[in-house]
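The structure appears below as structure tokens.
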Amino acid sequence: MSTDDPRPPTEQLLSQTLTATALATPTTDRSDDLRRALERADGRKDEGAADLGRDEGPAAAPPDGTVDLGENPVIDVLRGPRASPRRRGLILASAAALIVALAAVAVLVDRGSDREGEVVAAPPATAPATGWFLPDGGWDVVSVETDYLDTGQAGACPCTLWAAARPGTDPAAINLAESGASKDAGLPGMPTEPIDVGGRPGTVSQGAATFLTVPSSDQHLRLQARGVDVEALVAVADAWLDQREAGAEIDPAELGLPAGFVATAPQEKSWDFEHLLAVRIREDDTGREVEYQLVPTGWNRGVLASASELTVEEGVFRVAGGTGDEAYLATVGGPTDVLLGPPFFGSATDELAPAELQELFDGLHEVPTADWRAALEQTDENVDPDVRAAPDLFSAPLTGP
Amino acid sequence: MRPRLQDQGAGRARGLGVSEPGREADRDLLLALYQEEREGMVRLARLLTGSVVIAEDVVQDAFVQLYDRGLGAVDQPGAYLRRTVVNLCHSHHRRKGVETRWRARQPPPQVELPPELDEMRRALSTLADRQREALVLRFYLDLKVEDVAALLDRPAGTVKSDIHRGLAALTEEITR
Numbered sequence: 000m001s002t003d004d005p006r007p008p009t010e011q012l013l014s015q016t017l018t019a020t021a022l023a024t025p026t027t028d029r030s031d032d033l034r035r036a037l038e039r040a041d042g043r044k045d046e047g048a049a050d051l052g053r054d055e056g057p058a059a060a061p062p063d064g065t066v067d068l069g070e071n072p073v074i075d076v077l078r079g080p081r082a083s084p085r086r087r088g089l090i091l092a093s094a095a096a097l098i099v100a101l102a103a104v105a106v107l108v109d110r111g112s113d114r115e116g117e118v119v120a121a122p123p124a125t126a127p128a129t130g131w132f133l134p135d136g137g138w139d140v141v142s143v144e145t146d147y148l149d150t151g152q153a154g155a156c157p158c159t160l161w162a163a164a165r166p167g168t169d170p171a172a173i174n175l176a177e178s179g180a181s182k183d184a185g186l187p188g189m190p191t192e193p194i195d196v197g198g199r200p201g202t203v204s205q206g207a208a209t210f211l212t213v214p215s216s217d218q219h220l221r222l223q224a225r226g227v228d229v230e231a232l233v234a235v236a237d238a239w240l241d242q243r244e245a246g247a248e249i250d251p252a253e254l255g256l257p258a259g260f261v262a263t264a265p266q267e268k269s270w271d272f273e274h275l276l277a278v279r280i281r282e283d284d285t286g287r288e289v290e291y292q293l294v295p296t297g298w299n300r301g302v303l304a305s306a307s308e309l310t311v312e313e314g315v316f317r318v319a320g321g322t323g324d325e326a327y328l329a330t331v332g333g334p335t336d337v338l339l340g341p342p343f344f345g346s347a348t349d350e351l352a353p354a355e356l357q358e359l360f361d362g363l364h365e366v367p368t369a370d371w372r373a374a375l376e377q378t379d380e381n382v383d384p385d386v387r388a389a390p391d392l393f394s395a396p397l398t399g400p
Numbered sequence: 000m001r002p003r004l005q006d007q008g009a010g011r012a013r014g015l016g017v018s019e020p021g022r023e024a025d026r027d028l029l030l031a032l033y034q035e036e037r038e039g040m041v042r043l044a045r046l047l048t049g050s051v052v053i054a055e056d057v058v059q060d061a062f063v064q065l066y067d068r069g070l071g072a073v074d075q076p077g078a079y080l081r082r083t084v085v086n087l088c089h090s091h092h093r094r095k096g097v098e099t100r101w102r103a104r105q106p107p108p109q110v111e112l113p114p115e116l117d118e119m120r121r122a123l124s125t126l127a128d129r130q131r132e133a134l135v136l137r138f139y140l141d142l143k144v145e146d147v148a149a150l151l152d153r154p155a156g157t158v159k160s161d162i163h164r165g166l167a168a169l170t171e172e173i174t175r
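So the sequence lines, in the order shown, correspond to chains E and C. Sequential numbering from 0 applies to the first sequence in numbering that gives the first Met the number 0. Sequential numbering from 0 applies to the second sequence in numbering that gives the first Met the number 0.
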């Protein structure tokens, strides 16, 4: 090392190493390859098919550091601060007033017909679900927290949960829940108007979403919808109640759903509280951390009512929505809802680019309980003991208070 | 004498390359630039990715992107290329699965260095990608922290932290 160099020895050695390594790096003149590549690029231009998605030059990223995803412009960098468990509880309690929880035993999928309300049952899943999801390699579990959500309907369940949505960009959606006890009509802080639902007294509140309630002493019905006319919502509620009063099982095909809707089957839910798992993971190479949520019974299906993109794959809704701090990705409709990012209490990350988040989300996959527990062994703390003990996401002690 | 893009390309108007003669001229200019910048860019990419093969591919892609963008639209082709190479190397790090598979079937590097430098090189390979990127740009290209931050699109404070932690890890590794 030079005695004239005032830098610390490590910095001197590092500079020398980098320079020596670089100078010793053999390089090959690939001019011919490059010329052919440029000619191919000309061909793409001629076809008007420039591959913008591959451009990672300086101009590819806007000044704010976000990345334009081209055909997938919905998801921006997720930045919002992570809610504390206490904060989450408050948020969840608020969400409980706004979001209708929906779960499915089987999912009905649209056959592509534009005939109103036509739905068909999807084949049932054959493999038993554990509800444990882990990412592809390169990430370690840091913590798993459990949050319990008071539905505000203690003693009212079993409840019936149901959802329907129209896939596409800016989809429409209807979430519905019914329970055996009447709750206060309308929603806190929202103006409520009386409305007739097939001769039954109901109330409606309209804001970013529409909330329709039909309270009674023995059957309480609440619908949350976006992109659906109040008249259409009333028609669905009316048809639902007609089927109930006739003593029939609910048939989504007879609910008069708007065209293009895909419906879940109604499901009876036997417990009166909800829980979610917040799984925090750390990337091996970079130390970056991300959190995703696993929800066994469908509180996250509220995302259907705020999604900006929605598709149906294998009977499961794949959802993207929000922008900036509120961006999220989710799959709902299967035994487990998986959510990366907001709404309400989503993970905070300001380090992953949208494409990285998409890649991470796509890599989340269900694993056997043994694999899940092995992953939890990577961390000695910050894992709820109930999570270590439960045989799956749907069993005690996770399903009890 | 080779045409110099810095002299000729910077003044070219957008739209050159639409006609075939114009495209030929742009290709010649880009190939001339390739001859000038190739070694430096490959060396940088090799330090960032740890692989000569990947470095060569990254540099090829960077030149194609510059060509796609249009030579006349870039005032400083050398700076544009460097940033594109850094971006592509960073993207490479994101594709960890591919990288891991590739590394698994690669022979060890053939570069021979004095023992103390070889030890430092091994220590460098143990760092997190983000730390290694910051250190290479800071101590190989001799960029200021602010310039490293701009190149990596990270806050300067984060880059400072990466450099500090990276140096600490290297010191610990080589004095162990």
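Using N, Cα and C, we set each Cβ at its ideal position, and we do this for glycine too.
Which listed residue (the options) has its alpha carbon closest to that of residue i
i	options	result
E:V233	E:I249, E:P257, E:Q218 and E:A247	E:P257
E:R225	E:L211, E:A207 and E:T212	E:A207
C:N86	C:V73, C:E111, C:E118 and C:V57	C:V57
E:G136	E:G362, E:E10 and E:R317	E:G362
E:W239	E:V227, E:D228 and E:R221	E:R221
E:R287	E:W138, E:A40, E:D41 and E:T24	E:W138
E:L356	E:T129, E:A231, E:V289 and E:P190	E:V289
E:L276	E:R387, E:T27 and E:L33	E:R387
C:G69	C:G165, C:L142 and C:D25	C:D25
E:Q292	E:E365, E:V235 and E:T263	E:E365
E:R199	E:T285, E:P170, E:V213 and E:A329	E:V213
E:T20	C:P113, C:D146, C:V73 and C:D60	C:P113
E:S307	E:T18, E:G321, E:V294 and E:P295	E:G321
C:Y66	C:G156, C:G21, C:V147 and C:L29	C:L29
E:L309	E:F360, E:R281, E:A172 and E:S178	E:A172
E:R281	C:A127, C:A72 and C:E23	C:A127
E:T159	E:A128, E:F132, E:D195 and E:S178	E:S178
Status (buried if at least 16 other CB within 10 Å, exposed otherwise) for residue i
i	result
C:H89	buried
E:Q15	buried
C:V51	buried
E:H274	buried
E:E10	buried
C:E171	exposed
E:R6	exposed
E:A373	exposed
C:R175	exposed
C:D183	Given a span of 0 to 175 for chain C in the structure shown, any question on residue 183 of chain C remains unanswerable.
E:R35	exposed
E:A162	buried
C:Q64	buried
Length of the line joining the Cα atoms of residue i and residue j
i	j	result
E:V66	E:Q218	Unreliable positioning characterises E:V66 in this predicted model, as indicated by a pLDDT of 23, which lies under 50. A coordinate reading is not provided.
C:D152	C:R45	20 Å
E:L485	E:L303	As shown, chain E starts at 0 and ends at 400. That puts residue 485 of chain E outside it, with no answer to give.
E:F316	E:L338	12 Å
E:F210	E:G332	21 Å
C:P154	E:A326	22 Å
C:Y139	C:L116	14 Å
C:E36	E:D28	11 Å
E:Q223	E:L175	6 Å
C:L32	E:V227	58 Å
C:R82	E:A262	49 Å
E:V229	E:V143	41 Å
E:E253	C:I53	59 Å
C:V76	C:I173	The amino acid occupying residue 76 of chain C in the given sequence is Pro; Val does not appear at that position. In a straight line, the C-alpha of C:P76 is about 38 Å away from that of C:I173.
E:L392	E:G130	5 Å
E:A395	C:E111	60 Å
E:R279	C:L142	35 Å
C:A148	C:V158	6 Å
E:R39	E:D383	55 Å
E:L89	E:T330	In this predicted model, E:L89 has a pLDDT of only 36, less than 50, meaning its place in the structure is not dependable enough to derive any value.
E:D360	E:G197	Correcting the residue type first, residue 360 of chain E is Phe in the shown sequence and not Asp. Roughly 43 Å between the two C-alpha positions.
One or two residues paired with residue i in a DSSP bridge
i	result
E:D195	E:P200
E:Y327	E:G320
E:V289	E:I280
E:R225	E:A172
E:V382	E:V143
E:A167	Note that residue 167 of chain E corresponds to Gly in the displayed sequence, not to Ala. E:L309, per the DSSP bridge assignment.
E:H364	E:L133
E:Q205	E:T209
E:S178	E:H219
E:A389	Paired residue(s): none; E:A389 is not in a bridge.
Residue-chain proximity (residue i, chain A), Cβ-Cβ < 9 Å
i	result
C:I173	The structure shown contains no chain A; its protein chains are E and C.
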